[in-house]
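This report concerns only the one structure given below.
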Amino acid sequence: MMLALLFIGMLALAFGIQIVSYVYAQEAETLTPYFVILWTSDFPGGDYIMVKNKIAYFAERRWGGTWISRSGTTFFHSLNLSDGSQPWNYSANDCLTVAIDDERVYFGSNNGYLMAVDAQRGLFLWKVNLTGAVLANPVIVNGTIYVGAGDTIYGISAFGEIVWQKRIPSQPREDAKVAWGYSLPPEPGVHTEIISLLSQNHYLYGVITHEKTVVWGSGDNRPWARYASSDIFAVDLNSYEIKWLVPSPCYDKVLVGVSDSFVYFGVDPIYALNSSTGVFVWNYTTNLFYGSAKVQQIADDLILILMDSGVTCLNLTTRDVTWSSSGVVFGNTLYSCRSKQIVIDNEVVPRIELRAIDCFSGNVLWEYTFIDLEERGAYPIVCDDTLLLLCSDKIYAFKYLIDITAPTILITFPDPGYEARSSSITVEWTSSDDFSGISYYEIRLDGGSWINVGTNTTYTFTELGDGSHTVDIKAVDKAGNAKQETVSFIVNTSPLFGPGCIEEIAIMATMITIVLATALYLLIIRKHKSES
Numbered sequence: 227m228m229l230a231l232l233f234i235g236m237l238a239l240a241f242g243i244q245i246v247s248y249v250y251a252q253e254a255e256t257l258t259p260y261f262v263i264l265w266t267s268d269f270p271g272g273d274y275i276m277v278k279n280k281i282a283y284f285a286e287r288r289w290g291g292t293w294i295s296r297s298g299t300t301f302f303h304s305l306n307l308s309d310g311s312q313p314w315n316y317s318a319n320d321c322l323t324v325a326i327d328d329e330r331v332y333f334g335s336n337n338g339y340l341m342a343v344d345a346q347r348g349l350f351l352w353k354v355n356l357t358g359a360v361l362a363n364p365v366i367v368n369g370t371i372y373v374g375a376g377d378t379i380y381g382i383s384a385f386g387e388i389v390w391q392k393r394i395p396s397q398p399r400e401d402a403k404v405a406w407g408y409s410l411p412p413e414p415g416v417h418t419e420i421i422s423l424l425s426q427n428h429y430l431y432g433v434i435t436h437e438k439t440v441v442w443g444s445g446d447n448r449p450w451a452r453y454a455s456s457d458i459f460a461v462d463l464n465s466y467e468i469k470w471l472v473p474s475p476c477y478d479k480v481l482v483g484v485s486d487s488f489v490y491f492g493v494d495p496i497y498a499l500n501s502s503t504g505v506f507v508w509n510y511t512t513n514l515f516y517g518s519a520k521v522q523q524i525a526d527d528l529i530l531i532l533m534d535s536g537v538t539c540l541n542l543t544t545r546d547v548t549w550s551s552s553g554v555v556f557g558n559t560l561y562s563c564r565s566k567q568i569v570i571d572n573e574v575v576p577r578i579e580l581r582a583i584d585c586f587s588g589n590v591l592w593e594y595t596f597i598d599l600e601e602r603g604a605y606p607i608v609c610d611d612t613l614l615l616l617c618s619d620k621i622y623a624f625k626y627l628i629d630i631t632a633p634t635i636l637i638t639f640p641d642p643g644y645e646a647r648s649s650s651i652t653v654e655w656t657s658s659d660d661f662s663g664i665s666y667y668e669i670r671l672d673g674g675s676w677i678n679v680g681t682n683t684t685y686t687f688t689e690l691g692d693g694s695h696t697v698d699i700k701a702v703d704k705a706g707n708a709k710q711e712t713v714s715f716i717v718n719t720s721p722l723f724g725p726g727c728i729e730e731i732a733i734m735a736t737m738i739t740i741v742l743a744t745a746l747y748l749l750i751i752r753k754h755k756s757e758s
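In the working numbering, the protein residues as written are 227 to 758.
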């Protein structure tokens, strides 16, 4: 019992979700969550960037010219997870990249500026002019914003002051440019990925390693030069010296991840470089010819390769794929939405089903169907105890809870041992569930098949034979917890003392006795008359 509760608590901690009760539900087979609707909002548009301090950020690109010229305006939207309000929207001309900390949103622009906007109100704070286009997502380490512009890496304070800068070494190419930057989540289980705003430019990525080292890539910064040669190098943030610089082992300039041991680079294949020396170690073929990829390490010997087409779990020791699935990863859980056909009012309709898959094993943890939401291609975002479903034009926010408490149920009629004088009886009961709510009831007679009665709290049995009967009633809540109650009663349709035909036999015997006695009496009377 205690081990089960401990396991449940650890599982909930890993998911970042709230357990509403530690009362053990005897018949709960899975820890399926339930979802309470919080609010619905019009979808502001754009691609999901990250959640920070209960504010979700989205960005969308509205082009004013050709894609190659990169002209146009990027619209940033904020969404309050508490009530669905949109605190602010911001139009950033020629901005390509973004980074967010607790107080500010930083935009890097094509015209060589890095600017800051207040994260709570969307007010412009400052901007600094750099040497070239900021094609990299800024990287924030200990309050300093590191950004690549032109051929120089800058360290900029939160107030817009340049505190450090270093030019990329000229070897092996004079026109090397900073191409990308990416920041790892600050703490386990919190999804704070910073995505390049130009999804076509899949090489605009970078990495911060665990050893306070910035890994950068240099190469031709023109968007059509995806297959031009490039270089990878690492800068120590303590000494600001370059630790190593190596030519890229591939022409596909996609830096997709980092761990304590490896820097992952490329798409097809993905190359693994030693993160301390930059030495090539191994590669893995993804068969992904188009789209983006990212690598996330979840264990010493397991990495997730996150691609547009799905997620693959790779064993680093054997280089074997342990599992693969579609969906998006938050923490160590993969979430995916799919269409599910269900029956409502005798009509088959499509609805949204959310699945949770354990990233370590690939096993399905639970499945949940939103019976009130029509299927419209939902995209899930999980943040702490809030679930967002992004549909075509709406965002639905749900409170994300786990209910492990079974409902209560009380049979109000019949009482135990009740004697029914007819062959039919209506069973009545009451039930309650303070958490996820009652989903349905099931009832059965004398150990037979269960009958689903929906949310009705009465059911009539007919054509019952005389004798003892037992009725079982099961209440099931929306999280799958169940509670069962049982009552026994007697059916007695006989006019006399007991159920069955005993009374009829007694009556018949009495009548026969009376008839025989009458006949005997008449015979005796007749005999006396004949003798006289």
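We put the beta carbon where it would ideally sit given N, CA and C, even for glycine.
Because the structure is a prediction, the values reported are computed rather than measured.
Test item: CB-CB of residue i and residue j under 8 Å
i    : j    : result
Y594 : E579 : yes
L305 : S267 : yes
K520 : L528 : no
N355 : A325 : no
N718 : D698 : no
E600 : R577 : yes
V653 : I664 : no
L616 : F301 : no
D309 : K278 : no
L530 : V555 : yes
Proximity test, residue i beta-carbon vs the ligand MN heavy atom, cut-off 7 Å
i    : result
L614 : With respect to small molecules bound, the structure shown includes none, and the ligand MN cannot be examined in it.
Straight-line Cα distance separating residue j from residue i
i    : j    : result
T548 : I263 : 35 Å
I740 : L748 : 12 Å
Q523 : N558 : 10 Å
I570 : L627 : 25 Å
T538 : A525 : 14 Å
T258 : R581 : 10 Å
G381 : T323 : 16 Å
I677 : S618 : 38 Å
G272 : L349 : 20 Å
A646 : V608 : 54 Å
A766 : Y605 : Here the chain covers residues 227 to 758 and nothing more, so residue 766 does not appear.
D534 : G674 : 49 Å
S317 : L307 : 21 Å
I597 : L351 : 46 Å
G338 : W390 : 17 Å
F586 : W592 : 15 Å
I738 : G680 : 53 Å
Own chain, CB closer than 6 Å to residue i, minus 5 neighbours either side, in chain order
i    : result
I583 : S551, L560, V590
R670 : W676, D698
Y644 : F715
E711 : I635, I637, I699
Neighbourhood of residue i by C-beta, 8 Å cutoff - its chain only, sequence neighbours within 5 removed
i    : result
S650 : T686, F687, T688, E689, L690
D780 : Only positions 227 to 758 of the chain appear in this structure, which leaves residue 780 out of reach.
P823 : Here the chain covers residues 227 to 758 and nothing more, so residue 823 does not appear.
I388 : V354, Y380, G381, I382
T683 : E654, W655, T656, S657, Y667
Exposed unless 16 or more other CB atoms sit within 10 angstroms - verdict on residue i
i    : result
F385 : exposed
V575 : exposed
D629 : buried
M341 : buried
M734 : exposed
D503 : One detail in the question is off: residue 503 reads as Thr in this sequence, not Asp. Classification for T503: exposed.
T512 : buried
I366 : buried
A745 : exposed
A623 : buried
G553 : buried
L614 : buried
For residue j and residue i, believed in contact at Cβ under 8 Å, the rounded distance
i    : j    : result
V331 : A345 : 5 Å
K709 : F261 : Wrong, their Cβ atoms sit about 21 Å apart, outside the cutoff.
F392 : T378 : Note that residue 392 is Lys in the sequence shown, not Phe. Confirmed, Cβ separation roughly 7 Å.
P313 : I275 : Not really, about 15 Å apart at Cβ, beyond 8 Å.
Y667 : K700 : 7 Å
T357 : G374 : Incorrect: roughly 10 Å between the Cβ atoms, too far for contact.
Cut-off 7 Å between Cβ atoms - residues of its own chain near residue i, not counting five sequence neighbours on either side
i    : result
S662 : Y260, D629, D703, K704, A705
T634 : S657, S658, K709
D672 : H695, T696
T543 : D527
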